[in-house]
Each structure stands twice: as C-alpha cells, then as structure tokens.
Amino acid sequence: MTNQSIGVMLNAMSDKRKQLIEASIDLFAREGFWNTPTSRITKHAKVSTGTLFNYFASKNALIDAVFLQLKEEQAAYIADNFPPQTAVQTCFEHIWFRYIEWGLHNPVRYTLLQQLKLSNMVSDEAQARQDGSLGFAFDLVAAAVNAGVFRSISADYLIYIALAQLDASVTYAATHKLTDMALSKHITRGFEVFWLGVTG
C-alpha cells in the first residue's frame with residue numbers, strides 16, 4: 000500500500016468519525032443522549048451499523064467524544080485573539096464575551112453541552128481532559144488569585160461563580176433575543192457585576 004493510499008484511508012476514517020460525532024450531536028440535542036440508540040446514530044450518519052464501534056468502544060465512549068468535541072470548539076472560540084500579556088481584567092473580559100458569544104452563536108451545541116455537564120454520563124477521564132482545553136483560562140485564574148487580584152476566595156470557587164453567571168447571561172440573552180447594542184450592553188453590564196463582586 001502506498002503512502003498516498005494510506006493517507007486516503009486515514010482521511011476516510013477521520014471523516015467517518017466526524018460524521019458519527021456530528022450525527023450524535025444532532026440526535027442527542029433533539030432526542031436526548033440517554034434515549035438515542037446507536038442504530039439511530041449510524042443511520043443518521045449514513046454509515047454501516049457496525050462502523051460506530053470501529054471508532055468508539057461503547058455508546059459511553061461516544062458520549063465522551065461528543066462532550067470533548069463541544070468543549071474543544073468552545074475553548075478554541077474563547078482562545079481566538081486572546082489578548083497576550085495584558086491586564087488581568089482585560090483577559091477576563093475577553094473570556095466573558097467569547098463564552099457568551101459562543102453560546103448564542105451555537106445554541107444547539109451550547110444546550111447539549113450544558114446537559115452533558117449536568118449528567119452523570121461523561122467519564123471522569125473526559126472531564127479531566129476537557130480541563131486541559133481551557134488550561135490558559137484556569138492558569139489565569141490561579142495566577143490572579145495568587146497575586147491577590149480577587150477577594151479571599153479559592154480559584155475553584157471563583158470558576159464556579161463565573162460559570163454560573165456566564166450561563167445565566169447566555170440564558171437571559173437567548174430568552175430575550177438580545178442583539179447588537181442591547182446584547183453588548185448586557186454582556187458588559189454582566190461582566191461589571193461579576194468583576195465588582197469578586198474584586199470589590
């Protein structure tokens with residue numbers, strides 16, 4: 000087998016894996032990941048029934064893969080144009096805006112990600128791996144806590160507070176269909192409330 004043939008085969012394998020993950024995202028969002036049989040997924044992905052298990056050892060492994068795919072997409076969006084070596088507040092504001100924007104631009108994926116986070120179906124290993132995708136943000140929080148930027152509060156607790164307020168901001172903006180200046184004002188005001196609460 001030539002190197003070119005091997006490359007074509009690997010690309011085909013990668014494409015099928017992507018098809019399965021995208022089909023799963025669509026079906027999990029519409030029908031529930033707890034309620035969707037693998038046979039529905041393979042049919043929706045337009046691959047043969049046994050193909051799924053060539054890429055994922057079990058349905059739980061597929062759920063992990065979907066979770067990690069969504070977290071990686073979210074992390075990549077947040078990391079894009081991240082301001083290097085600037086004030087801590089500026090960095091946090093960038094994360095704040097990008098997290099909310101991703102949620103509003105990708106409502107189906109955001110909602111599914113929230114459901115997966117609240118379920119007990121994502122493995123500990125996948126949870127640990129997803130922490131690495133936002134390592135730059137966690138490092139920023141830890142460094143800022145150690146530098147005394149925030150009130151006397153642990154980095155873990157600060158992250159819980161931030162995520163709760165971020166998700167509330169996404170939900171409010173989506174419910175009230177905020178756009179343009181109204182959305183920008185909403186995100187800015189939410190960040191101001193958060194920042195004052197953890198530093199004031």
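Start counting the sequence shown at 0; every next residue gets the next number (numbering that gives the first Met the number 0).
We put the beta carbon where it would ideally sit given N, CA and C, even for glycine.
Bear in mind the structure is a predicted one, so any value in this text is a computation, not a measurement.
(request) Use the C-beta contact count for residue 63: other C-beta atoms within 10 angstroms, 16 or more gives buried, fewer gives exposed. (result) Your numbering for residue 63 matches position 64 in the sequence shown. Buried is the call here.
(request) Taking only the alpha-carbon atoms, compute the straight-line gap between residue 181 and residue 100 and give it to the nearest angstrom. (result) As a first step, residue 181 must be located in the sequence shown, where it is residue number 182. As a first step, residue 100 must be located in the sequence shown, where it is residue number 101. Taking the straight line joining both Cα atoms gives about 13 Å.
(message) Here's a check: name, in chain order, each residue in its chain whose Cβ is nearer than 6 Å to the Cβ of residue 95, leaving out the five neighbours to either side.
(response) Against the sequence shown, residue 95 aligns to sequence position 96. The answer, listed in chain order, is 190.
(request) For residue 48, collect the residues of the same chain with a Cβ closer than 7 Å to its Cβ; drop the 5 residues on either side in sequence, then sort them by chain order. (result) Numbered from 1 along the sequence shown, position 49 holds the residue referred to as residue 48. Within the same chain, residue 48 has close Cβ partners 38 and 41.
(message) Looking at residue 15: is its Cβ nearer than 8 Å to the Cβ of residue 46?
(response) Within the sequence shown, residue 15 is the residue found at index 16, counting from 1. Within the sequence shown, residue 46 is the residue found at index 47, counting from 1. Result yes, Cβ atoms of residue 15 and residue 46 sit closer than 8 Å.
(message) Are the CB atoms of residue 158 and residue 140 within a distance shorter than 8 Å?
(response) On the sequence shown, residue 140 is found 141 positions in, with the first residue counted as 1. On the sequence shown, residue 158 is found 159 positions in, with the first residue counted as 1. Cβ atoms of residue 140 and residue 158: closer than 8 Å.
(message) Suppose contacts are defined by Cβ-Cβ distances below 8 Å. Is residue 61 in contact with residue 23 by that definition?
(response) Here residue 61 corresponds to residue number 62 of the sequence shown, with the count starting at 1. Here residue 23 corresponds to residue number 24 of the sequence shown, with the count starting at 1. Going by C-beta atoms, residue 61 is nearer than 8 Å to residue 23.
(request) Could you have a look at residue 85 and say whether DSSP puts it in helix, strand or coil? (result) Your numbering for residue 85 matches position 86 in the sequence shown. It is coil, neither helix nor strand.
(request) Report the residue ranges of all alpha helix (DSSP H) runs contained in full by the stretch 102-173; include only those spanning at least 4 residues, in chain order. (result) Entirely contained in the stretch 102-173, the alpha helix (DSSP H) runs reaching 4 residues are, in chain order, 106-117, 123-132 and 134-145.
(request) With a 10 Å radius around its C-beta and 16 neighbouring C-beta atoms as the bar for buried, classify residue 84 as buried or exposed. (result) For this step, residue 84 is matched to residue 85 along the sequence shown. Classification for residue 84: exposed.
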